[in-house]
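Student: Residue numbers (my numbering): 121 to 410.
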Amino acid sequence: MPDSRLAAGDGRIHASAEIHPTAIVAAGATIGPDCRIGPFSQVGAAAVLEAGVSVGPHVVIEGHAHLGEGVQLSHGASIGLAPQDLKYKGEPTRTVIGARTMVREHATIHRGSVGGHGITTVGADCLIMVNAHVGHDCTLDHHVILANNVMLGGHVQIADTVFVGGGAALHQFVRIGRQSVIGGMSGVEADVIPFGAVLGNRARLTGLNLIGLKRRGFSRADIHQLRAVYRLLFRGAGVFQHRLAQAEAEYGAQPAVQEILAFIRGDSKRGLCRARRVAPLEEDDAEAQA
(Lines of atoms letter the chains of each structure in order from A; the text may use other names.)
(Lines give C-alpha, C1' and ligand atoms only; values in the text may rest on other atoms or scores of the structure.)
Protein backbone atom coordinates (compact mmCIF):
# COMPACT_ATOMS: atom_id res chain seq x y z
CA MET A 121 0.00 0.00 0.00
CA PRO A 122 1.15 3.57 -0.54
CA ASP A 123 2.64 5.16 2.56
CA SER A 124 2.26 8.65 3.95
CA ARG A 125 5.58 10.13 2.83
CA LEU A 126 3.73 12.22 0.29
CA ALA A 127 0.40 13.69 1.29
CA ALA A 128 -2.46 15.27 -0.64
CA GLY A 129 -2.21 19.04 -0.67
CA ASP A 130 1.59 19.18 -0.40
CA GLY A 131 1.65 20.63 -3.90
CA ARG A 132 5.22 19.55 -4.52
CA ILE A 133 6.65 18.50 -7.87
CA HIS A 134 10.03 16.83 -7.51
CA ALA A 135 12.80 18.22 -9.68
CA SER A 136 13.45 14.81 -11.24
CA ALA A 137 9.87 14.39 -12.47
CA GLU A 138 9.36 14.51 -16.25
CA ILE A 139 6.12 16.20 -17.31
CA HIS A 140 5.25 16.52 -20.99
CA PRO A 141 4.52 20.11 -22.07
CA THR A 142 0.99 19.18 -23.14
CA ALA A 143 0.13 17.51 -19.81
CA ILE A 144 -1.94 19.44 -17.25
CA VAL A 145 -0.90 19.10 -13.61
CA ALA A 146 -3.20 21.10 -11.33
CA ALA A 147 -1.78 23.27 -8.59
CA GLY A 148 -1.73 21.28 -5.37
CA ALA A 149 -0.84 17.93 -6.96
CA THR A 150 2.09 16.08 -5.39
CA ILE A 151 4.48 14.47 -7.87
CA GLY A 152 7.29 12.34 -6.46
CA PRO A 153 10.82 11.75 -7.77
CA ASP A 154 11.35 10.10 -11.15
CA CYS A 155 7.68 10.27 -12.11
CA ARG A 156 6.82 10.56 -15.80
CA ILE A 157 3.62 12.15 -17.06
CA GLY A 158 2.88 11.68 -20.75
CA PRO A 159 1.32 13.94 -23.37
CA PHE A 160 -2.24 15.25 -22.91
CA SER A 161 -2.65 13.64 -19.49
CA GLN A 162 -4.38 15.40 -16.60
CA VAL A 163 -3.52 15.17 -12.91
CA GLY A 164 -5.92 16.70 -10.39
CA ALA A 165 -5.07 18.99 -7.49
CA ALA A 166 -5.60 16.37 -4.76
CA ALA A 167 -3.59 13.61 -6.49
CA VAL A 168 -0.44 12.10 -4.95
CA LEU A 169 2.04 10.22 -7.13
CA GLU A 170 4.80 8.40 -5.25
CA ALA A 171 8.27 7.85 -6.68
CA GLY A 172 8.61 6.33 -10.13
CA VAL A 173 4.96 6.49 -11.18
CA SER A 174 4.61 6.31 -14.96
CA VAL A 175 1.59 7.99 -16.53
CA GLY A 176 1.06 7.35 -20.26
CA PRO A 177 -0.64 9.66 -22.75
CA HIS A 178 -4.28 10.74 -22.41
CA VAL A 179 -4.58 9.52 -18.82
CA VAL A 180 -6.94 11.23 -16.35
CA ILE A 181 -6.31 11.19 -12.57
CA GLU A 182 -8.99 12.95 -10.53
CA GLY A 183 -10.00 13.40 -6.90
CA HIS A 184 -8.06 12.21 -3.86
CA ALA A 185 -6.05 9.58 -5.71
CA HIS A 186 -2.89 8.12 -4.14
CA LEU A 187 -0.63 6.08 -6.45
CA GLY A 188 2.12 4.00 -4.85
CA GLU A 189 5.72 3.69 -5.99
CA GLY A 190 6.22 2.41 -9.51
CA VAL A 191 2.55 2.33 -10.53
CA GLN A 192 2.17 2.28 -14.32
CA LEU A 193 -0.85 3.78 -16.08
CA SER A 194 -1.18 3.07 -19.78
CA HIS A 195 -2.80 5.10 -22.56
CA GLY A 196 -6.28 6.38 -21.76
CA ALA A 197 -6.60 4.98 -18.24
CA SER A 198 -8.98 6.85 -15.90
CA ILE A 199 -8.28 6.89 -12.17
CA GLY A 200 -10.36 8.37 -9.36
CA LEU A 201 -13.33 9.60 -11.37
CA ALA A 202 -16.66 10.02 -9.59
CA PRO A 203 -18.55 6.82 -8.74
CA GLN A 204 -21.45 5.76 -10.92
CA ASP A 205 -23.81 6.29 -8.01
CA LEU A 206 -26.71 8.75 -8.27
CA LYS A 207 -26.44 9.41 -4.52
CA TYR A 208 -22.91 10.79 -4.91
CA LYS A 209 -22.77 14.59 -4.50
CA GLY A 210 -19.09 15.33 -4.93
CA GLU A 211 -17.86 14.29 -1.48
CA PRO A 212 -14.04 13.98 -1.14
CA THR A 213 -13.79 10.21 -1.30
CA ARG A 214 -10.59 8.42 -2.23
CA THR A 215 -8.79 6.05 -4.60
CA VAL A 216 -5.63 4.19 -3.52
CA ILE A 217 -3.43 2.07 -5.80
CA GLY A 218 -0.56 0.01 -4.38
CA ALA A 219 3.05 -0.11 -5.48
CA ARG A 220 4.01 -1.53 -8.87
CA THR A 221 0.45 -2.14 -9.99
CA MET A 222 -0.08 -1.90 -13.76
CA VAL A 223 -3.27 -0.38 -15.19
CA ARG A 224 -3.50 -0.97 -18.91
CA GLU A 225 -5.18 0.92 -21.75
CA HIS A 226 -8.59 2.51 -21.09
CA ALA A 227 -9.12 0.74 -17.77
CA THR A 228 -11.20 2.68 -15.22
CA ILE A 229 -10.97 2.78 -11.42
CA HIS A 230 -13.62 4.92 -9.70
CA ARG A 231 -13.28 6.58 -6.31
CA GLY A 232 -15.29 5.45 -3.28
CA SER A 233 -18.70 6.69 -2.21
CA VAL A 234 -20.03 7.98 1.11
CA GLY A 235 -22.57 5.16 1.03
CA GLY A 236 -19.70 2.68 1.06
CA HIS A 237 -16.26 2.79 2.63
CA GLY A 238 -15.39 6.12 1.04
CA ILE A 239 -12.39 4.53 -0.65
CA THR A 240 -11.61 2.27 -3.60
CA THR A 241 -8.44 0.26 -3.03
CA VAL A 242 -6.24 -1.70 -5.43
CA GLY A 243 -3.32 -3.48 -3.77
CA ALA A 244 0.31 -3.87 -4.77
CA ASP A 245 1.57 -5.81 -7.80
CA CYS A 246 -1.84 -6.09 -9.43
CA LEU A 247 -2.51 -6.14 -13.18
CA ILE A 248 -5.65 -4.44 -14.46
CA MET A 249 -5.85 -5.25 -18.17
CA VAL A 250 -7.37 -3.38 -21.11
CA ASN A 251 -10.87 -1.91 -20.61
CA ALA A 252 -11.36 -3.47 -17.19
CA HIS A 253 -13.53 -1.53 -14.73
CA VAL A 254 -13.15 -1.36 -10.95
CA GLY A 255 -16.31 0.15 -9.46
CA HIS A 256 -16.64 2.39 -6.43
CA ASP A 257 -15.74 1.04 -2.98
CA CYS A 258 -14.11 -2.10 -4.37
CA THR A 259 -11.21 -3.61 -2.43
CA LEU A 260 -8.59 -5.61 -4.31
CA ASP A 261 -5.75 -7.14 -2.31
CA HIS A 262 -2.28 -7.87 -3.72
CA HIS A 263 -1.31 -9.77 -6.90
CA VAL A 264 -4.84 -9.65 -8.33
CA ILE A 265 -5.19 -9.96 -12.12
CA LEU A 266 -8.23 -8.68 -13.99
CA ALA A 267 -8.12 -9.72 -17.65
CA ASN A 268 -9.49 -7.63 -20.52
CA ASN A 269 -13.03 -6.24 -20.18
CA VAL A 270 -13.63 -7.49 -16.63
CA MET A 271 -16.40 -5.54 -14.88
CA LEU A 272 -16.54 -5.17 -11.10
CA GLY A 273 -19.68 -3.70 -9.61
CA GLY A 274 -19.44 -1.51 -6.53
CA HIS A 275 -18.24 -2.87 -3.17
CA VAL A 276 -16.67 -6.05 -4.62
CA GLN A 277 -13.97 -7.58 -2.39
CA ILE A 278 -11.18 -9.61 -3.99
CA ALA A 279 -8.49 -11.30 -1.89
CA ASP A 280 -4.83 -11.98 -2.80
CA THR A 281 -3.69 -13.79 -5.97
CA VAL A 282 -7.11 -14.02 -7.61
CA PHE A 283 -7.36 -14.28 -11.40
CA VAL A 284 -10.52 -13.01 -13.13
CA GLY A 285 -10.87 -14.12 -16.75
CA GLY A 286 -11.69 -11.84 -19.66
CA GLY A 287 -15.18 -10.43 -19.92
CA ALA A 288 -16.29 -11.69 -16.49
CA ALA A 289 -18.81 -9.57 -14.60
CA LEU A 290 -18.95 -9.53 -10.79
CA HIS A 291 -22.14 -8.35 -9.09
CA GLN A 292 -21.88 -5.59 -6.48
CA PHE A 293 -21.01 -6.73 -2.94
CA VAL A 294 -19.63 -10.09 -4.09
CA ARG A 295 -16.65 -11.47 -2.15
CA ILE A 296 -13.92 -13.47 -3.92
CA GLY A 297 -11.73 -15.63 -1.69
CA ARG A 298 -7.95 -15.88 -1.90
CA GLN A 299 -6.30 -17.62 -4.83
CA SER A 300 -9.53 -18.46 -6.61
CA VAL A 301 -10.04 -18.25 -10.36
CA ILE A 302 -13.02 -16.83 -12.26
CA GLY A 303 -13.50 -18.24 -15.75
CA GLY A 304 -13.77 -15.88 -18.71
CA MET A 305 -17.24 -14.51 -19.58
CA SER A 306 -18.66 -15.68 -16.24
CA GLY A 307 -21.41 -13.79 -14.45
CA VAL A 308 -20.68 -14.01 -10.72
CA GLU A 309 -23.62 -13.22 -8.43
CA ALA A 310 -22.47 -14.89 -5.20
CA ASP A 311 -19.36 -15.25 -3.04
CA VAL A 312 -16.55 -17.55 -4.21
CA ILE A 313 -14.69 -19.58 -1.58
CA PRO A 314 -10.88 -19.33 -1.26
CA PHE A 315 -9.06 -21.59 -3.76
CA GLY A 316 -12.30 -22.10 -5.71
CA ALA A 317 -12.81 -22.17 -9.47
CA VAL A 318 -16.06 -20.88 -10.98
CA LEU A 319 -17.41 -20.75 -14.49
CA GLY A 320 -20.61 -19.98 -16.29
CA ASN A 321 -23.52 -17.59 -16.60
CA ARG A 322 -24.58 -17.60 -13.86
CA ALA A 323 -21.30 -18.81 -12.40
CA ARG A 324 -21.12 -22.00 -10.37
CA LEU A 325 -18.21 -23.66 -8.61
CA THR A 326 -16.51 -26.22 -10.83
CA GLY A 327 -13.96 -27.37 -8.27
CA LEU A 328 -10.74 -25.96 -6.85
CA ASN A 329 -8.12 -23.80 -8.53
CA LEU A 330 -5.71 -26.75 -8.79
CA ILE A 331 -3.25 -25.01 -11.11
CA GLY A 332 -3.03 -22.03 -8.80
CA LEU A 333 -2.57 -24.24 -5.74
CA LYS A 334 0.32 -26.10 -7.36
CA ARG A 335 1.96 -22.88 -8.53
CA ARG A 336 1.78 -21.47 -5.01
CA GLY A 337 3.56 -24.48 -3.53
CA PHE A 338 0.70 -26.36 -1.91
CA SER A 339 1.73 -29.97 -1.29
CA ARG A 340 -0.07 -32.89 -2.86
CA ALA A 341 -1.33 -33.90 0.60
CA ASP A 342 -2.71 -30.40 1.24
CA ILE A 343 -4.47 -30.37 -2.13
CA HIS A 344 -6.06 -33.76 -1.51
CA GLN A 345 -7.27 -32.55 1.88
CA LEU A 346 -8.77 -29.44 0.31
CA ARG A 347 -10.47 -31.59 -2.31
CA ALA A 348 -11.92 -33.78 0.43
CA VAL A 349 -13.33 -30.70 2.15
CA TYR A 350 -14.71 -29.39 -1.14
CA ARG A 351 -16.45 -32.67 -1.88
CA LEU A 352 -17.87 -32.84 1.63
CA LEU A 353 -19.19 -29.28 1.54
CA PHE A 354 -20.40 -29.04 -2.04
CA ARG A 355 -21.04 -32.63 -3.15
CA GLY A 356 -22.20 -34.16 0.12
CA ALA A 357 -25.74 -34.89 1.21
CA GLY A 358 -27.67 -33.46 4.11
CA VAL A 359 -27.92 -30.04 5.74
CA PHE A 360 -25.09 -27.71 4.72
CA GLN A 361 -24.49 -26.46 8.28
CA HIS A 362 -24.01 -30.06 9.43
CA ARG A 363 -21.47 -30.64 6.65
CA LEU A 364 -19.72 -27.42 7.66
CA ALA A 365 -19.40 -28.67 11.24
CA GLN A 366 -18.16 -32.04 9.99
CA ALA A 367 -15.52 -30.38 7.81
CA GLU A 368 -14.27 -28.40 10.81
CA ALA A 369 -14.16 -31.49 13.01
CA GLU A 370 -12.29 -33.64 10.49
CA TYR A 371 -10.05 -31.13 8.70
CA GLY A 372 -10.13 -27.94 10.77
CA ALA A 373 -6.46 -28.17 11.78
CA GLN A 374 -5.34 -27.36 8.22
CA PRO A 375 -4.83 -23.56 7.78
CA ALA A 376 -6.24 -23.46 4.25
CA VAL A 377 -9.34 -25.31 5.42
CA GLN A 378 -9.70 -22.85 8.29
CA GLU A 379 -9.58 -20.03 5.72
CA ILE A 380 -12.40 -21.57 3.69
CA LEU A 381 -14.58 -22.17 6.74
CA ALA A 382 -13.99 -18.64 8.05
CA PHE A 383 -14.88 -17.23 4.63
CA ILE A 384 -18.13 -19.21 4.49
CA ARG A 385 -19.09 -18.00 7.96
CA GLY A 386 -18.11 -14.40 7.19
CA ASP A 387 -20.50 -11.53 6.62
CA SER A 388 -22.04 -11.77 3.14
CA LYS A 389 -24.59 -9.74 1.25
CA ARG A 390 -24.76 -12.09 -1.75
CA GLY A 391 -24.71 -15.62 -0.35
CA LEU A 392 -22.37 -18.39 -1.41
CA CYS A 393 -21.59 -19.54 -4.92
CA ARG A 394 -22.64 -23.22 -5.04
CA ALA A 395 -21.31 -26.07 -7.13
CA ARG A 396 -22.67 -27.12 -10.46
CA ARG A 397 -23.68 -30.72 -11.06
CA VAL A 398 -21.01 -32.93 -12.61
CA ALA A 399 -21.05 -36.45 -13.95
CA PRO A 400 -19.18 -39.01 -11.79
CA LEU A 401 -16.67 -39.64 -14.59
CA GLU A 402 -15.88 -35.93 -14.85
CA GLU A 403 -15.31 -35.70 -11.09
CA ASP A 404 -13.05 -38.78 -11.16
CA ASP A 405 -10.96 -37.21 -13.94
CA ALA A 406 -10.49 -34.04 -11.89
CA GLU A 407 -9.43 -36.12 -8.86
CA ALA A 408 -6.82 -37.92 -10.95
CA GLN A 409 -5.26 -34.61 -12.02
CA ALA A 410 -4.79 -33.35 -8.44
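Just so you know, even glycine gets a beta-carbon here, dropped at the ideal spot from N, CA and C.
Tell me the rounded alpha-carbon separation between Gly164 and His262.
Tutor: Here the question's residue 164 lines up with position 44 in the sequence shown. Here the question's residue 262 lines up with position 142 in the sequence shown. Each residue's alpha carbon lies about 26 Å from the other.
Student: In whole angstroms, what is the alpha-carbon distance linking Ala227 and Gly200?
Tutor: Here the question's residue 227 lines up with position 107 in the sequence shown. Here the question's residue 200 lines up with position 80 in the sequence shown. Using only the alpha carbons, I get a separation of about 11 Å.
Student: DSSP beta-bridge partners for Ala395?
Tutor: Numbered from its first residue, the sequence shown carries residue 395 at position 275. Ala395 is bridged to Leu325.
Student: What are the boundary residues of the alpha helix (DSSP H) that includes Val282?
Tutor: Along the sequence shown, one-based indexing puts residue 282 at 162. Neither: Val282 is in no alpha helix (DSSP H) and is coded neither H nor E.
Student: Buried or exposed for Thr240, going by 16 or more other Cβ atoms inside 10 Å?
Tutor: Indexing the sequence shown from 1 puts residue 240 at position 120. That one is buried.
Student: Assuming Met387 contacts Gly274 under a Cβ cut-off of 8 Å, what Cβ separation, rounded to an integer in Å, is found between them?
Tutor: As a position in the sequence shown, residue 387 is number 267, starting the count at 1. As a position in the sequence shown, residue 274 is number 154, starting the count at 1. At residue 387 the sequence reads Asp, which differs from the Met that was named. 17 Å between Cβ atoms; not a contact.
Student: Using the Cβ count rule (16 or more neighbours within 10 Å means buried), how would you classify Ser339?
Tutor: Residue numbering aside, residue 339 sits at position 219 when the sequence shown is read from its first letter. Counting Cβ neighbours within 10 Å, Ser339 comes out exposed, since fewer than 16 surround it.
Student: Touch check for the segment 297-312 and the segment 359-368: three-plus C-beta pairs under 8 Å?
Tutor: no
Student: Give the DSSP bridge partners of Glu138, in chain order.
Tutor: Locating residue 138 in the sequence shown gives position 18, counting from the first residue. According to DSSP, Glu138 bridges with Arg156.
Student: At a cut of 8 Å, does the segment 250-257 reach the segment 333-349 through at least three beta carbon pairs?
Tutor: no
Student: Determine the direct distance from the alpha carbon of Phe293 to that of Ile331, and round the result to whole angstroms.
Tutor: Residue 331 sits at position 211 when you count from the first residue of the sequence shown. Residue 293 sits at position 173 when you count from the first residue of the sequence shown. Their backbone Cα atoms lie some 27 Å apart in a straight line.
Student: If Gly286 sits next to Ala267, beta carbons under 8 Å apart, how far is it from one beta carbon to the other, in whole angstroms?
Tutor: Your numbering for residue 286 matches position 166 in the sequence shown. Your numbering for residue 267 matches position 147 in the sequence shown. Right, the Cβ-Cβ distance comes to about 4 Å (below 8 Å), so this counts as a contact.
Student: Which residues does DSSP pair with Ser174 in a beta bridge?
Tutor: Looking up residue 174 in the sequence shown gives position 54. Looking at the DSSP output, Ser174 bridges to Arg156, Gln192.
Student: So, under 8 Å CB-CB, Ala218 and Gly188 are touching, yes? Tell me the CB distance rounded to an integer number of Å.
Tutor: Taking the first residue of the sequence shown as 1, we reach residue 218 at position 98. Taking the first residue of the sequence shown as 1, we reach residue 188 at position 68. It should be noted that the sequence gives Gly, not Ala, for residue 218. Confirmed, about 5 Å.
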